[in-house]
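Structure record follows, encoded as structure tokens.
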Amino acid sequence: MKILYLSNSTIPSYTANSIQVMKMCEAFTSLGNDVVLVSRFNEKYLNVKVNDDLKYYGIKDQFKLLKFNHNNKFLKTFLFLKKILNEVKPDIIIGRDISVCIASILFGYSPIIEIHAPLNNKNKKLFKLLKHKIRKVIVISDALKKIIVNQLPELAGKILIAHDGVDLEDFKLKKNKIKNKKFTVGYIGSLYKGRGVELIFNIAKQLPNLEFVLIGGNEEDVKLRKQQLDKCNLHNVTLLGFVNPGEVRKYYNQFDVLLMPYQKNTSIHQNGVDTTKWMSPIKMFEYLASGVPIISSNLPVLCEVLNNRNSILVHPEDLDEWIEAIKKIKNDLVLSKYLVDNALNDIKKYSWNERAKKILE
Numbered sequence: 185m186k187i188l189y190l191s192n193s194t195i196p197s198y199t200a201n202s203i204q205v206m207k208m209c210e211a212f213t214s215l216g217n218d219v220v221l222v223s224r225f226n227e228k229y230l231n232v233k234v235n236d237d238l239k240y241y242g243i244k245d246q247f248k249l250l251k252f253n254h255n256n257k258f259l260k261t262f263l264f265l266k267k268i269l270n271e272v273k274p275d276i277i278i279g280r281d282i283s284v285c286i287a288s289i290l291f292g293y294s295p296i297i298e299i300h301a302p303l304n305n306k307n308k309k310l311f312k313l314l315k316h317k318i319r320k321v322i323v324i325s326d327a328l329k330k331i332i333v334n335q336l337p338e339l340a341g342k343i344l345i346a347h348d349g350v351d352l353e354d355f356k357l358k359k360n361k362i363k364n365k366k367f368t369v370g371y372i373g374s375l376y377k378g379r380g381v382e383l384i385f386n387i388a389k390q391l392p393n394l395e396f397v398l399i400g401g402n403e404e405d406v407k408l409r410k411q412q413l414d415k416c417n418l419h420n421v422t423l424l425g426f427v428n429p430g431e432v433r434k435y436y437n438q439f440d441v442l443l444m445p446y447q448k449n450t451s452i453h454q455n456g457v458d459t460t461k462w463m464s465p466i467k468m469f470e471y472l473a474s475g476v477p478i479i480s481s482n483l484p485v486l487c488e489v490l491n492n493r494n495s496i497l498v499h500p501e502d503l504d505e506w507i508e509a510i511k512k513i514k515n516d517l518v519l520s521k522y523l524v525d526n527a528l529n530d531i532k533k534y535s536w537n538e539r540a541k542k543i544l545e
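Counting from 185, one number per residue, gives the positions in the sequence shown under this note's numbering.
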């Protein structure tokens with residue numbers, strides 16, 4: 185089957201949405217489909233410069249990637265889409281670029297549209313007007329489905345819940361634990377407000393004999409956080425900065441525990457919307473596949489995937505609870521093994537391939 189995936193992600197970039205799009209296109213390809221991904225391109229974006237987009241994201245099953253400079257002008261987008269449709273002649277259109285997916289209806293297609301946040305007023309009107317032409321709506325959590333159904337009850341029968349996922353093959357590499365090292369607490373993700381970085385720093389103050397390693401963040405965020413560390417005179421915290429998506433998995437073997445300290449208000453970027461109620465973070469699935477015990481904030485949307493069998497769930501802002509949970513992992517190898525074994529079993533149903541199969545079925 186020939187699939188045209190219409191994305192609003194900038195590729196390459198630092199964003200999680202670009203990782204999700206690339207991994208889904210790889211999954212569709214690995215299932216025997218001919219995939220063409222259309223993404224946005226911006227030379228100025230975060231100074232990300234790579235020679236090979238697929239390698240940057242750790243993509244093994246290759247697909248065709250087309251880019252265009254999107255300036256939100258309908259005529260330019262319409263003409264570009266017309267050109268792509270004439271060239272590709274897809275059997276099906278899937279995508280996260282709502283406006284372009286909706287535009288494909290004008291050419292006789294019934295798109296599958298992924299939605300990762302509540303609909304704004306413009307998109308609500310489009311969905312209401314053209315709901316009979318939309319084949320399926322994919323959402324990343326049950327919580328988001330409830331929000332969308334509340335916004336547009338007529339979409340209820342078309343919504344499919346498909347949590348984000350992970351490439352299980354990336355985590356099948358044999359892990360060589362580093363001997364004679366301090367107990368190391370790991371965090372992978374963005375460094376801006378709402379991600380719990382301040383909480384990690386406070387934990388590190390209370391546990392000076394442990395090492396804390398944070399991976400992620402753009403240059404500006406890393407610089408700001410390093411200044412905070414200097415002011416606090418914290419020497420047991422290391423900021424490694426951004427690591428290419430295709431390389432991150434190589435770092436997991438140095439961690440003894442992984443933290444996911446989302447706060448009650450979490451945005452997708454510094455000035456973004458609060459995503460706490462509906463998010464499905466990719467790193468949650470990578471953590472589950474890593475073979476490292478997890479401590480996570482006890483937020484309802486995360487508990488659609490996490491539970492007391494595959495992780496330790498604590499109050500997002502209770503410093504003492506976080507410290508106690510880390511001590512439990514450090515001192516109880518039986519508990520650690522129990523959590524890891526259950527996590528590795530649970531993650532099997534959250535691979536990108538399983539997600540792609542679910543959507544295509």
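Glycine residues also receive a C-beta, built at the ideal position from the N, C-alpha and C atoms.
Bridge partners - residue i, DSSP secondary structure assignment
i           : result
residue 431 : Beta-bridge pairing links residue 431 to no other residue.
residue 252 : 224
residue 535 : 350
residue 370 : 397 and 442
residue 186 : 218
residue 242 : The partner list for residue 242 (beta bridge, DSSP) is empty, contrary to what the question assumes.
residue 194 : 224
residue 513 : Beta-bridge pairing links residue 513 to no other residue.
residue 543 : DSSP lists no partner for residue 543.
residue 292 : DSSP lists no partner for residue 292.
residue 276 : 187
Own chain, CB closer than 8 Å to residue i, minus 5 neighbours either side, in chain order
i           : result
residue 236 : none
residue 514 : 367, 394, 440 and 441
residue 509 : 479, 496 and 498
residue 248 : 219, 220 and 221
residue 386 : 503
residue 332 : 299, 302, 303, 321, 323, 339 and 343
residue 483 : 446, 448, 460 and 500
Given residue i as reference, the closest of the options once Cα atoms are compared
i           : options               : result
residue 489 : 396, 284, 502 and 473 : 473
residue 382 : 266, 275 and 412      : 412
residue 404 : 415, 418 and 423      : 423
residue 397 : 223, 459, 298 and 372 : 372
residue 220 : 314, 273, 421 and 461 : 273
residue 318 : 409, 288, 264 and 486 : 288
residue 238 : 262, 252 and 209      : 209
residue 355 : 205, 468, 542 and 433 : 433
residue 469 : 458, 284, 351 and 399 : 351
residue 281 : 545, 296 and 185      : 296
residue 486 : 347, 416, 370 and 369 : 347
residue 430 : 185, 223 and 203      : 203
residue 250 : 379, 216, 500 and 206 : 206
residue 532 : 511, 353 and 449      : 353
residue 568 : 200, 380, 409 and 542 : Here the chain has residues from 185 to 545 only, and residue 568 is not among them.
residue 286 : 491, 314, 525 and 345 : 314
residue 492 : 223, 316, 200 and 524 : 524
residue 240 : 369, 306, 428 and 224 : 428
residue 464 : 325, 329 and 458      : 325
residue 224 : 435, 190 and 436      : 190
Cβ-based neighbour list, residue i, same chain, cut-off 7 Å, excluding 5 preceding and 5 following
i           : result
residue 214 : 245 and 537
residue 243 : 206 and 210
residue 530 : 472 and 494
residue 505 : 498 and 499
Cβ neighbours of residue i in the same chain (closer than 6 Å, five flanking residues each side left out)
i           : result
residue 527 : 472 and 494
residue 390 : 507
residue 455 : With a pLDDT of 46 at residue 455, under the threshold of 50, the modelled position of that residue is not reliable, and the figure given next carries that caveat. Same-chain partners within the cutoff: there are none.
residue 418 : 388
residue 252 : 264
residue 130 : Residue coverage of the chain in this structure runs from 185 to 545, which leaves residue 130 outside it and unanswerable.
residue 467 : 372 and 373
residue 277 : 188, 288, 293 and 295
residue 392 : 420
residue 349 : 469, 534, 535, 536 and 539
residue 217 : 185 and 187
Test: residue i CB closer than 8 Å to a CB of chain C
i           : result
residue 261 : Absent here is chain C; the protein component of the structure consists of one chain.
Just list the beta strand (DSSP E) runs in the region 451–505, keeping only unbroken ones of 3 residues or longer that don't cross its boundaries, in chain order.
478–481 and 496–498
So within the region 294–366, which uninterrupted alpha helix (DSSP H) runs reach at least 4 residues, ignoring any that extend past its ends?
305–314 and 326–335
Taking the runs of the alpha helix (DSSP H) that are 4 residues or longer, which of them lie wholly in the region 374–428?
Fully enclosed alpha helix (DSSP H) runs of 4 or longer: 381–390 and 403–416.
Touch check for the region 431–443 and the region 476–493: three-plus C-beta pairs under 8 Å?
yes
Cβ contact check for the region 391–403 and the region 518–525: 3 or more pairs under 8 Å:
no
Within 8 Å, do at least three Cβ pairs link the region 257–270 to the region 309–325?
no
Touch test, the region 331–339 against the region 187–195, Cβ-Cβ under 8 Å, three pairs minimum:
no
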